[in-house]
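Residue numbers (the numbering used here): 80 to 388.
Cβ atoms here follow ideal geometry from the backbone N, Cα and C, with glycine treated the same way.
Computed from a predicted model, the values in this text were never measured in an experiment.
The structure appears below as structure tokens.
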């Protein structure tokens, strides 16, 4: 009888301990971002990278960054939009496989006839950040399948940067000019009227302030990054935060398109997913259930103890 009671109590305690982890388990494809690529407009070879980070139940943080070099328009065989997409997807898949061979919490999905790819979480993992860094001047569109950014609780930031910051090696090149070349930046939300900013003679910060003002209540200019930039010394594609970005918190729209047409500019676009907030909220929601189970367990224990006395 005592062994049976001990076994029942052990099972109950095991269930109690497993409740928080079960509550935070994330079904596959809960966190998604569809990225549509296109042909580059830069004449020289430039780079594009995608960084994704994920967690499992608040632990086992992983991040992977796929870096691809994209041929310019003057190459003997310029890349098509679909070929650009394949290179971007291939570099990200290779990075995920290398960085987290036994803990691949993020994955990609693409097709051979479309210039777009989907980044999504694997079961029991949660994506918390996705960053793209584009210096190719291609048109990029982003959306969360079947949802608006607001309903998916995804925050966005747009950081315009100088291509000179990544195309030259510091201390080995002279007379580097951190400036726009003259052209335009176009932002389109859903199928609305495109917002076109002329870049000639303007700094990245001036353009970001102008962009935020043009977007109205949807956006703010912030001197604090939506989350820290991932930097690494071995690759010139990584870049520290330059002090300003346009943030679009919980944008009530299903897509955003960014078109840079200025060889002096690149763009870092960030997407912050709600995993940390969601985990905290779920933990709060579970408190009454956990308290009830603990009370039931103690009642069961003392009842049987009194009965056997």
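In the DSSP assignment, residue 171 falls outside any beta strand (DSSP E) and lies within the alpha helix (DSSP H) extending over 160–178. For residue 185, the uninterrupted beta strand (DSSP E) run begins and ends at 185–189, by DSSP. By the criterion of a C-beta distance shorter than 6 Å, residue 189 is surrounded in its chain by 168 and 196, once the five residues flanking it on both sides are discounted. Spatial neighbours of residue 147 in its own chain (CB-CB distance under 6 Å, excluding positions within 5 residues in sequence) are listed in chain order as 127, 166, 167 and 170. Counting C-beta pairs with one atom in each stretch, the segment 153–165 and the segment 199–213 have fewer than three that are closer than 8 Å, which means they do not touch. Taking the Cα of residue 214 as reference, the smallest distance to any Cα among 116, 150 and 125 is reached at 125. Straight-line spacing of the CA atoms in residue 238 and residue 347 works out to 5 Å.
Under the three-state reduction of DSSP, residue 296 is assigned to helix.
Residue 354 carries a helical assignment under DSSP once its states are collapsed to helix, strand and coil.
Per DSSP, the beta-bridge partners of residue 141 are 133.
If you compare the alpha carbons of 220, 328, 287 and 118 with that of residue 306, the shortest gap goes to 328. Apart from sequence neighbours up to five positions away, the residues of its chain that approach residue 278 with a beta-carbon distance below 7 Å are 259, 261, 262, 263, 264, 286, 341 and 344, ordered along the chain. In this structure, the beta-carbon distance from residue 217 to residue 334 does not fall below 8 Å. In the three-state DSSP reduction, residue 324 falls in the strand class (E or B). Its chain contains 200, 202, 203, 204, 205 and 354 as the residues whose beta carbon lies nearer than 8 Å to that of residue 105, once the 5 sequence neighbours on both sides are disregarded; these appear in chain order.
Per DSSP, the continuous alpha helix (DSSP H) segment holding residue 245 begins and ends at 243–246. Close CB contacts of residue 108 within its chain, under the 6 Å cut and outside five residues either way in sequence, are with 199 (chain order). One thing to note: residue 130 has its Cβ no nearer than 8 Å to the Cβ of residue 235. Here residue 265 carries a strand assignment [DSSP, helix/strand/coil]. Distance from the CA of residue 175 to the CA of residue 187, rounded to the nearest whole angstrom, comes to 10 Å.
Here residue 139 is exposed, its C-beta having fewer than 16 other C-beta atoms within 10 Å. DSSP lists 128 and 347 as the beta-bridge partner residues of residue 212. Residue 275: member of the beta strand (DSSP E) spanning 274–277, first to last residue.
Rounded to the nearest whole angstrom, the C-alpha separation of residue 326 and residue 272 is 19 Å.
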